[in-house]
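Following: one structure in structure tokens, then a few remarks.
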Amino acid sequence: MSPRAMRRGVGDAVRVEYVSRVPRPPLDGLIDDLYYLEGASPYARLTLPPSPSALLIVNLGAPFRIRAGADIETAEYADGCVVTVPTRVVEFGYPLRTRSVGVHFKPWGLAPFLPMPAAELCDRPVTVEQVWGRPAVAELRDRLATAPGPHEMLTLLEEELMRRLCGTTGLGLVRHTSNVIAATSGAVAIGDLSVAAGVSSTHLAQRFKELIGVTPKRLARAYRFTATVFAINPAGPVDWGELASGAGYFDQAHFGHEFREFTGLTPTRYLEVRRRFLREHPGHTLDGWPLPAD
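full-length UniProt numbering numbers the first residue of the sequence shown as 1 and each following residue consecutively.
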């Protein structure tokens, strides 16, 4: 494995080992990375704003908890979870120490591994057993738990994904259109997407909901918000007006509304929370997207 393909990170005083790599083709067209995570979470509860990514976690430690929205009860997950592209903040509650392997999917990448339309799981995290079946998941977890180390674990996970990979109707259309959206960081005329693809807007939206769980418009909003957040340097002053304009928001009111919908926070409060993370856990491998919920 080349150094470029494998990334290993160790957190601050709250020690966390994080190893990740890009899978081999054809999985690399569906997946951003496979990862191994072990250690103590920097906070007992972390929130993840909606992003253009789906997630699969195979848990190898104590159960963790997920709350997918303020109006939804917290649920416990022992074997792991599957989370399609979300439209709400997802809150994770961690045990004192956590150990897992997982997959960060491209927006369309989870579809070939699901037995149901992605729309059925939108903002409804499920256990891995509900997707792949209890016997298969138990066997996979046993093999992962007895693997010699993170590299071998990721190889086992990759092999499992290769075995489960299947053809998916409409995947080419959804992948191509999603890549167009991503290339513009969401700043694309949604009506032009179906014209360019040679299909109706209704057909395109239906395919997106089947394979990603959200519409092209919602995915574009997620890409734009993600690009905006990554453009923020929490260590320095932030010109919110310039940031909003550069990201293509109509005005600061529109920008503020999107920020609150995606994070539950105002832009200034978000910056305070990010700075708190940096201050309390400098150089932590998880800094950049998750936020402390406490």
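Here a beta-carbon is modelled for each residue, glycine too, at the ideal position from N, C-alpha and C. None of these values were measured; they are calculated from a predicted model.
What's the gap between the Cα of residue i and the Cα of residue j?
i      : j      : result
Pro49  : Ala196 : 30 Å
Thr226 : Arg134 : 35 Å
Cys81  : Val58  : 7 Å
Thr184 : Phe255 : 18 Å
Val214 : Phe208 : 6 Å
Ala75  : Val90  : 12 Å
Thr268 : Arg275 : 11 Å
Val238 : Tyr18  : 30 Å
Gly246 : Val103 : 31 Å
Ile190 : Glu280 : 41 Å
Val199 : Asp28  : 27 Å
Asp71  : Asp287 : 27 Å
Phe230 : Leu243 : 11 Å
Ala40  : Gly93  : 12 Å
Val188 : Asp79  : 39 Å
Asp251 : Thr266 : 15 Å
Under a three-way DSSP split, which group does residue i fall into?
i      : result
Thr47  : strand
Gly102 : strand
Gly93  : strand
Leu265 : coil
Val188 : coil
Val126 : strand
Thr177 : helix
Ser194 : helix
Ala118 : helix
Phe250 : coil
Gly170 : coil
Leu278 : helix
Leu27  : helix
Gly283 : coil
Val273 : helix
Val131 : helix
Do residue i and residue j have their C-beta atoms within less than 8 Å of each other?
i      : j      : result
Gly109 : Ile31  : yes
Pro95  : Phe64  : yes
Arg99  : Gly69  : no
Leu165 : Pro112 : yes
Phe105 : Ser20  : no
Val85  : Pro107 : yes
Thr177 : Pro216 : yes
Leu211 : Leu161 : no
Pro125 : Val83  : yes
Arg67  : Asp123 : no
Asp294 : Tyr35  : no
Thr47  : Pro290 : yes
Glu258 : Arg221 : yes
Arg143 : Leu154 : no
Val22  : Asp33  : yes
Which two residues bound the contiguous alpha helix (DSSP H) that contains residue i?
i      : result
Phe208 : 201-211
Arg218 : 216-230
Phe113 : Premise fails: Phe113 is in no alpha helix (DSSP H) and is neither H nor E.
Glu160 : 150-164
Glu242 : 240-246
Pro237 : Segment: none, Pro237 is in no alpha helix (DSSP H) and carries neither H nor E.
Leu144 : 134-145
Which one or two residues does DSSP pair with residue i in a beta bridge?
i      : result
Ile72  : According to DSSP, which records beta bridges pairwise, Ile72 is partnered with nothing at all.
Gly80  : Val58
Ile66  : Ala75, Phe92
Leu291 : Thr47
Tell me the residue span of the beta strand (DSSP E) that contains residue i.
i     : result
Tyr36 : 31-39
Output yes if chain D places a C-beta closer than 8 Å to the C-beta of residue i; else output no.
i     : result
Thr98 : Structure shown: chain D not included; a single protein chain is present.
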